[in-house]
Amino acid sequence: MAMMEINKLGKVFNSHKVLDDIDLNVEKGDVIAIIGPSGAGKSTFLRCLIDLERRDSGSVNIDGIELNPDDKKCVEKVQAKMGMVFQSFNLFPHMTVLKNVMIAPVRVKKAEKKEVEKKARELLKKVGLSDRVDYYPSQLSGGQQQRVAIARALAMNPELMLFDEPTSALDPELVGEVLKVMKDLADDGMTMVVVTHEMGFAREVANKVIFMEKGKIIESGTPKEIFFAPKTERTREFLKKVI
Amino acid sequence: MNLGFTLSKIPIMFQASLMTIELTVVSLIAGTILAIIIAFMRISKRKIVNGIAKFYLWIFRGTPLILQLFVLYYALPSWGITLTPFVAAVIGLSLNSAAYTAEIVRGGIISISKGQYEAANVLGMSDVQTMFLIVLPQTLRNILPAMGNQFIGMLKDTSLVSTIAMVELMREAQLIGSATFKYTEVYITAALIYLLMTSIFSFIFNKLETKLSVY
Ligand SMILES: Nc1ncnc2c1ncn2[C@@H]1O[C@H](COP(=O)(O)OP(=O)(O)O)[C@@H](O)[C@H]1O
Ligand SMILES: [Mg+2]
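As given, the protein sequences belong to chains A and B, one line each in that order.
Residue 706 in the numbering used here is what sits at position 181 of the first sequence, and the numbering runs on without skipping anything.
Residue 721 in the numbering used here is what sits at position 94 of the second sequence, and the numbering runs on without skipping anything.
Below, the structure is given as structure tokens:
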């Protein structure tokens, strides 16, 4: 059974169909890259999976639990299985790096502070920020902030990580350090769904690529299939523009 | 100017100014807590909740503070509610300042980006946790400069409670003045003490701002 099953997911904004019957299975260990033009519905899709947006139709199943937006406990359970990384980092500016990573395990999981701190320091080491634990987000570069955001999400032990254009807000020279962390994460076996404009990452790291446009999955396949033998004209057009 | 006289009255006026500070601090704290509640009511999408908050602001910002104090101290007894001057003063000042602080707090809360709520949400924080751990700490820092002004304003407004038999700095100055007819000396002394207090608190707030602006 797939780790996550998405069936006929639909979302309407102002009578405009932003997501139109999206089907997708995510297997454990998958790294799925979602590509497509701006406005395709990529962010909305990710956001529906973690209930930041409420879907209008279809179903989302994770580990056999169906996401029911009306059931608070269920939403909590589903969200606890996922971590999310945003384009704009969304770190808590009034907390140090360490505190940012510790706050959710301490307050939400009520885990023991000492243990949490140990784990937080390990995670920050993993993302290469051991020497920045006592800094505030505003004292870090964008790339460093995004790596903290990744560590913060990982601190909750998610089974699945969602990334919404994690490098789009970064200066070009800082993109690499974030992609490197994401690649390491993929190599560790983390299941990931990544909306990205970084075609290199989609090609090298993902095992599955999805091309979305106008609320629909136009084409999906292995990176090889999508990048070297796209089946549809629209995929070809898009790739020609971005590569 | 009679310097000897002035000096002899300084201790008692300082004593009275402690009451001014006490009124200011107590009322500002109570007022801010109330202000946070009203601010949330103003942000609420529920028409009735919002309406109640708007009504509150309309009343308390639309009538003079001195009138509010008179109602509390002079009119309530005929309804069977008798308040001591201190209690009436604190309630009056708190209710009044809450009306102004609420709009400051509301502005501060609105300015917190949607991304902060979303990050807290996906990390599993409850609405209450999001408010107390994420939104309010940032809000309080953002509104600190405006709150400094509120504090100074409140400190001066406490002089109005001299009209409901509350002995604070202004009232003490009046009492001494009318007993000795040395109005110039007492009012200049009172003015200097007010200036000293407003300067000290401005300084403290500036320090606090600098301290909190590490991020
Ligand atoms: N909160 C919203 N309210 C109304 N329309 C929205 C909202 N969020 C997104 N949309 C619309 O939905 C469409 C898809 O948006 P989005 O998912 O952000 O696309 P992408 O991430 O692929 O660029 C766009 O047309 C966008 O304008
Ligand atoms: Mg997007």
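Note that the Cβ used here is the ideal one computed from N, Cα and C, for glycine as well.
Values in this document were obtained by computation on a predicted structure and should not be read as measured data.
If I measure Cβ to Cβ from residue i and keep anything under 8 angstroms in the same chain, skipping five residues before and after, which residues do I get?
{"i": "residue 814/B", "result": "800, 804"}
{"i": "residue 772/A", "result": "With chain A represented from 526 up to 768, any question about residue 772/A goes unanswered, as that position is not in the structure."}
{"i": "residue 681/A", "result": "605, 608, 629, 630, 633, 634"}
{"i": "residue 718/B", "result": "699, 710"}
Restricting to Cα atoms, I'd like to know which of the options is closest to residue i.
{"i": "residue 841/B", "options": "679/A, 722/A, 665/A", "result": "665/A"}
{"i": "residue 730/B", "options": "711/B, 770/B, 698/B", "result": "770/B"}
{"i": "residue 835/A", "options": "579/A, 555/A, 575/A, 536/A", "result": "Residue coverage of chain A in this structure runs from 526 to 768, which leaves residue 835/A outside it and unanswerable."}
{"i": "residue 695/B", "options": "788/B, 835/B, 727/B", "result": "788/B"}
{"i": "residue 545/A", "options": "580/A, 555/A, 553/A", "result": "580/A"}
{"i": "residue 582/A", "options": "558/A, 533/A, 600/A", "result": "533/A"}
{"i": "residue 590/A", "options": "618/A, 578/A, 607/A", "result": "607/A"}
{"i": "residue 587/A", "options": "610/A, 550/A, 669/A", "result": "550/A"}
{"i": "residue 764/B", "options": "672/B, 810/B, 839/B, 745/B", "result": "839/B"}
{"i": "residue 783/B", "options": "835/B, 693/B, 635/B, 746/B", "result": "693/B"}
{"i": "residue 792/B", "options": "715/B, 767/B, 751/B, 738/B", "result": "715/B"}
{"i": "residue 738/A", "options": "763/A, 756/A, 754/A", "result": "763/A"}
{"i": "residue 711/B", "options": "643/B, 810/B, 665/B, 699/B", "result": "699/B"}
{"i": "residue 857/B", "options": "577/A, 649/A, 552/A, 657/A", "result": "Because residue 857/B is not part of the residues shown, which for chain B are 628 to 842, the question remains open."}
On the CB-based measure, 16 or more other CB atoms within 10 Å of its CB, does residue i come out buried or exposed?
{"i": "residue 659/B", "result": "buried"}
{"i": "residue 723/A", "result": "buried"}
{"i": "residue 845/B", "result": "Absent from the model: residue 845/B. The displayed extent of chain B is 628 to 842, so no value can be given."}
{"i": "residue 547/A", "result": "buried"}
{"i": "residue 826/B", "result": "exposed"}
{"i": "residue 541/A", "result": "exposed"}
{"i": "residue 696/A", "result": "exposed"}
{"i": "residue 615/A", "result": "buried"}
{"i": "residue 766/A", "result": "exposed"}
{"i": "residue 672/A", "result": "buried"}
{"i": "residue 748/A", "result": "buried"}
{"i": "residue 642/B", "result": "exposed"}
{"i": "residue 568/A", "result": "buried"}
Confirm the yes/no value for this check: CB of residue i, any heavy atom of ligand 2, distance under 8 angstroms.
{"i": "residue 567/A", "result": "yes"}
{"i": "residue 563/A", "result": "yes"}
{"i": "residue 498/A", "result": "With chain A covering only 526 through 768, there is no way to say anything about residue 498/A."}
{"i": "residue 596/A", "result": "no"}
{"i": "residue 612/A", "result": "yes"}
{"i": "residue 649/B", "result": "no"}
Taking the beta strand (DSSP E) that residue i falls in, what are its first and last residues?
{"i": "residue 702/B", "result": "Careful: residue 702/B lies outside any beta strand (DSSP E) and carries neither H nor E."}
{"i": "residue 607/A", "result": "607-610"}
{"i": "residue 661/B", "result": "Segment 630-670 is the alpha helix (DSSP H) holding residue 661/B; no beta strand (DSSP E) there."}
{"i": "residue 737/A", "result": "733-738"}
{"i": "residue 558/A", "result": "556-560"}
{"i": "residue 716/A", "result": "716-720"}
Please list, in chain order, all residues of the same chain as residue i whose beta carbon is under 6 angstroms from its beta carbon, the five residues on each side excluded.
{"i": "residue 736/A", "result": "560, 561, 743, 744, 760"}
{"i": "residue 797/B", "result": "786, 789"}
{"i": "residue 677/A", "result": "625, 626"}
{"i": "residue 612/A", "result": "689, 690, 693, 694"}
{"i": "residue 663/B", "result": "732"}
{"i": "residue 504/A", "result": "Limits of chain A in this structure are 526 at one end and 768 at the other, which puts residue 504/A out of reach."}
{"i": "residue 775/B", "result": "832"}
{"i": "residue 726/B", "result": "684, 687, 688"}
{"i": "residue 633/B", "result": "812, 816"}
With respect to the alpha helix (DSSP H) encompassing residue i, which residues constitute its N-terminal and C-terminal limits?
{"i": "residue 729/B", "result": "712-737"}
{"i": "residue 817/B", "result": "810-839"}
{"i": "residue 774/B", "result": "771-784"}
{"i": "residue 640/A", "result": "638-651"}
{"i": "residue 750/A", "result": "748-753"}
Kindly examine ligand 1 and report whether one of its heavy atoms sits closer than 8 angstroms to the Cβ of residue i.
{"i": "residue 744/A", "result": "no"}
{"i": "residue 722/A", "result": "no"}
{"i": "residue 535/A", "result": "no"}
{"i": "residue 737/A", "result": "yes"}
What residues from chain C crowd round residue i, counting only those whose CB sits closer than 7 angstroms?
{"i": "residue 768/B", "result": "Reference to chain C is not applicable here, since the protein chains of this structure are A and B."}
Sorted by chain position, which residues of the same chain lie with C-beta nearer than 7 angstroms to residue i's C-beta, five sequence neighbours on each side aside?
{"i": "residue 713/B", "result": "793"}
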